[in-house]
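A.B. asks:
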């Protein structure tokens, strides 16, 4: 497969990338603070969101892949979420060996509030991101 020759980078290219990374960090910092204020560690929030965003259920292996963590780390995370009564483990109806993770009603309510404030923050970032992303396409 042949690659296209790259055009030379200009100072504007570096500025756009730096600005994009700044906006990403701004959102991540907001997210970490919001999760902490809700009483959740960042990784626990990410796990609950991944499960909800993946149709409401997933396996530990799928969770590990979504969070970019090792399966044994995901097991520990799931154990902590289950102990906090935010997660349930169940068996897959088609394969009883397969463990399926689902959120508890407490987790659903917690995640709903966090997701609402995250949407508000994203909406505030859209006017900053749109022109930046359109310039990155050029």
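Numbering (this note's numbering), first residue to last: 739 to 876.
Virtual Cβ for every residue (Gly too), placed ideally from N, Cα, C.
With residue 824 and residue 842 assumed to form a contact (beta carbons below 8 angstroms), what rounded beta-carbon distance in angstroms separates them?
C.D. replies: Confirmed, about 6 angstroms.
A.B. asks: Can you give the beta carbon distance from residue 763 to residue 819, rounded, assuming they're within the 8 angstroms contact cut?
C.D. replies: In fact, because the Cβ distance is near 26 angstroms, the residues do not count as touching under 8 angstroms.
A.B. asks: Please report the straight-line C-alpha distance between residue 865 and residue 772, rounded to a whole angstrom.
C.D. replies: Going from the Cα of residue 865 to the Cα of residue 772 covers about 21 angstroms.
A.B. asks: Below 8 angstroms on the Cβ atoms is my guess for residue 801 versus residue 789; work out the distance and round it to an integer in Å.
C.D. replies: Correct: roughly 7 angstroms between the Cβ atoms.
A.B. asks: Bridge partners for residue 828 per DSSP, in chain order?
C.D. replies: Bridge partners of residue 828: 838.
A.B. asks: Just to check my reading of the structure: residue 849 and residue 766 have Cβ atoms closer than 8 angstroms, yes? What is that Cβ distance to the nearest angstrom?
C.D. replies: So it is not a contact: roughly 18 angstroms between Cβ atoms.
A.B. asks: Can you name the residues that DSSP bridges to residue 795?
C.D. replies: DSSP lists 840 as partners of residue 795.
A.B. asks: Rank 756, 808, 838 by C-alpha distance to the C-alpha of residue 796 and give the top, closest one.
C.D. replies: Ranking the options by Cα distance to residue 796, first place goes to 838.
A.B. asks: Taking the beta carbon of residue 872 as the centre, do at least 16 other beta carbons fall within 10 Å, making it buried, or is it exposed?
C.D. replies: With fewer than 16 other Cβ atoms within 10 Å, it is exposed.
A.B. asks: Roughly how many angstroms lie between the CA atoms of residue 753 and residue 846, to the nearest whole one?
C.D. replies: Approximately 40 angstroms, taken between the alpha carbons.
A.B. asks: Enumerate in chain order the residues of its own chain whose CB-to-CB distance from residue 761 is below 8 angstroms, with the five nearest sequence positions on each side excluded.
C.D. replies: If we look at residue 761 and ignore the five residues flanking it on each side, its Cβ neighbours are 863, 866, 867, 870.
A.B. asks: How is residue 847 classed by DSSP in three states: helix, strand or coil?
C.D. replies: Here residue 847 sits in helix by DSSP.
A.B. asks: What are the uninterrupted segments assigned as beta strand (DSSP E) that are 3 or more residues long and contained completely in the region 755-810, given in chain order?
C.D. replies: Taking only runs of at least 3 residues, no beta strand (DSSP E) segment lies wholly in the region 755-810.
A.B. asks: Between residue 707 and residue 852, how many whole angstroms is the CB-CB distance? I'm expecting something under 8 angstroms.
C.D. replies: This structure does not reach residue 707, given that the chain is present from 739 up to 876, and the question cannot be answered.
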